[in-house]
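Student: Residue numbers (my numbering), protein chains in the order written: chain A, 580 to 691; chain B, 3 to 116. For glycine and all other residues, C-beta sits at the position ideal for the given N, C-alpha and C. Got a structure for you, questions after.
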Amino acid sequence: GEDVEQSLFLSVREGDSSVINCTYTDSSSTYLYWYKQEPGAGLQLLTYIFSNMDMKQDQRLTVLLNKKDKHLSLRIADTQTGDSAIYFCAERISGGYNKLIFGAGTRLAVHP
Amino acid sequence: DTAVSQTPKYLVTQMGNDKSIKCEQNLGHDTMYWYKQDSKKFLKIMFSYNNKELIINETVPNRFSPKSPDKAHLNLHINSLELGDSAVYFCASSQEVASTGELFFGEGSRLTVL
Numbered sequence: 580g581e582d583v584e585q586s587l588f589l590s591v592r593e594g595d596s597s598v599i600n601c602t603y604t605d606s607s608s609t610y611l612y613w614y615k616q617e618p619g620a621g622l623q624l625l626t627y628i629f630s631n632m633d634m635k636q637d638q639r640l641t642v643l644l645n646k647k648d649k650h651l652s653l654r655i656a657d658t659q660t661g662d663s664a665i666y667f668c669a670e671r672i673s674g675g676y677n678k679l680i681f682g683a684g685t686r687l688a689v690h691p
Numbered sequence: 003d004t005a006v007s008q009t010p011k012y013l014v015t016q017m018g019n020d021k022s023i024k025c026e027q028n029l030g031h032d033t034m035y036w037y038k039q040d041s042k043k044f045l046k047i048m049f050s051y052n053n054k055e056l057i058i059n060e061t062v063p064n065r066f067s068p069k070s071p072d073k074a075h076l077n078l079h080i081n082s083l084e085l086g087d088s089a090v091y092f093c094a095s096s097q098e099v100a101s102t103g104e105l106f107f108g109e110g111s112r113l114t115v116l
């Protein structure tokens, strides 16, 4: 089946690192994504990783992909209050047309 | 210029009414989508159109009817609205071929059915 799972909440102190985890089901997924949603806004792409990569780094963001365990994580270094948002993991389903399946989202709260 | 724009942003209506949400993208993409986000923030795909052709149609009541007059527009019409239709509806677009498949989302249309 098509399913993406994430923990629902994460609370961190400002300046610490945040790690948001995700598991997916389609072992043939070509791309996996992290999206950010701020209150009252649409989803914005933060980063993506191609399935033949293990890691991708982009400034404060590090994505780790473990294909064997079908596990994806997003690490945000030096987390700031502006990082407070909901973070969605998504997988691109293999075969057929472009179809992204989203997790339920992880609500990140950053406190002083 | 807004890449993916939806109207209206807010819609409050009575049960049983019929309403439409419009979406336009100026990114030159060939594929457009409707997603529904419920009160728990769960995001579920409803429909997808590629070059005006319906390609993804998830298990959605037939009260929901998408229409794509051209590849830059995708509208959603909902008949006989029910309380459970209250949600935020997001339009998105992507380039189907030779791309990373990322979706570009609109700001959402919050539908409240009373």
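Can you tell me whether DSSP reads B:L85 as helix, strand or coil?
Tutor: To locate residue 85 of chain B, count along the second sequence from 1; it is residue 83. DSSP places B:L85 in helix when its eight states are reduced to three.
Student: Step through the CB atoms of chain C and report whether any lies within less than 8 Å of the CB of B:N52.
Tutor: The displayed structure is made up of protein chains A and B, and chain C is not among them.
Student: Give the residues from the region 607–620 of chain A that approach chain B closer than 9 Å (Cβ to any Cβ), ordered along the chain.
Tutor: Against chain B - using a Cβ distance shorter than 9 Å - the residues of the region 607–620 of chain A are T609, Y610, Y612, Y614, Q616, G619, A620.
Student: Suppose contacts are defined by Cβ-Cβ distances below 8 Å. Is A:T626 in contact with A:D633 by that definition?
Tutor: As a first step, residue 626 of chain A must be located in the first sequence, where it is residue number 47. As a first step, residue 633 of chain A must be located in the first sequence, where it is residue number 54. No.
Student: With which residues is B:E55 paired in a DSSP beta bridge?
Tutor: Against the second sequence, residue 55 of chain B aligns to sequence position 53. Its beta-bridge partners are B:N52.
Student: Helix, strand or coil for B:T114? Go by DSSP, reduced to three states.
Tutor: Mapped onto the second sequence, residue 114 of chain B falls at position 112. The answer is strand: DSSP assigns B:T114 an E or B state.
Student: Have a look at the DSSP bridge pairing and note the partners of A:Y603.
Tutor: Taking the first residue of the first sequence as 1, we reach residue 603 of chain A at position 24. BP columns for A:Y603 point to A:V583.
Student: Is it the case that the region 17–25 of chain B contacts the region 72–79 of chain B, given that we only count it when at least three CB pairs across the two stretches are under 8 Å?
Tutor: Touching, per the Cβ criterion.
Student: State the Cα-Cα distance for the pair A:D582 and A:L651, rounded to the nearest angstrom.
Tutor: Here residue 582 of chain A corresponds to residue number 3 of the first sequence, with the count starting at 1. Here residue 651 of chain A corresponds to residue number 72 of the first sequence, with the count starting at 1. Answer to the nearest angstrom: the Cα atoms are 13 Å apart.
Student: Does the Cβ-Cβ distance between B:G110 and B:Q27 come in under 8 Å?
Tutor: The residue labelled residue 110 of chain B in the question sits at position 108 within the second sequence. The residue labelled residue 27 of chain B in the question sits at position 25 within the second sequence. Result no, Cβ atoms of B:G110 and B:Q27 do not sit closer than 8 Å.
Student: Given a limit of 9 Å on CB to CB distance, which residues of the region 668–689 of chain A reach chain B?
Tutor: Here the close residues are A669, R671, G675, Y676, N677, K678, L679, I680, F681, G682, A683, G684, R686.
Student: Using 8 Å as the threshold, is the region 59–72 of chain B in touch with the region 9–18 of chain B, meaning 3 or more CB pairs across them?
Tutor: Segments in contact, no.
Student: 8 Å is my cut-off, CB to CB: does A:L624 come that close to chain B?
Tutor: Within the first sequence, residue 624 of chain A is the residue found at index 45, counting from 1. Chain B, which has a Cβ nearer than 8 Å to the Cβ of A:L624, makes this yes.
Student: Please specify which runs of the beta strand (DSSP E), each continuous and at least 3 residues long, are wholly inside the region 603–630 of chain A, giving them in chain order.
Tutor: Runs found: 610–616, 622–629.
Student: Can you give me the Cβ contacts of B:Y35 inside the same chain, cut-off strictly under 6 Å, excluding the 5 residues immediately before and after it?
Tutor: Position 33 of the second sequence, counted from the first residue, corresponds to residue 35 of chain B. Excluding positions up to five away in sequence, the list reads S50, A94.
Student: Taking B:Q27 as part of the beta strand (DSSP E), name the residues at either end of that continuous run.
Tutor: Mapped onto the second sequence, residue 27 of chain B falls at position 25. Where B:Q27 is concerned, the enclosing beta strand (DSSP E) stretches over 21–27.
Student: For the beta strand (DSSP E) containing A:Q636, name the first residue and the last one.
Tutor: Here residue 636 of chain A corresponds to residue number 57 of the first sequence, with the count starting at 1. Note, A:Q636: beta strand (DSSP E), 634–637.
Student: In this structure, what does DSSP give as the bridge partners for A:R671?
Tutor: Here residue 671 of chain A is taken as the residue at index 92 of the first sequence, counted from 1. Beta-bridge pairing links A:R671 to A:L679.
Student: Can you find a C-beta in chain B that's less than 8 Å from the C-beta of A:Y627?
Tutor: Along the first sequence, one-based indexing puts residue 627 of chain A at 48. Interface residue, yes.
Student: On the premise that A:I599 lies in contact with A:L687, defined as a C-beta separation below 8 Å, what is that separation, rounded to the nearest angstrom?
Tutor: To locate residue 687 of chain A, count along the first sequence from 1; it is residue 108. To locate residue 599 of chain A, count along the first sequence from 1; it is residue 20. Contact holds; Cβ gap of about 7 Å.
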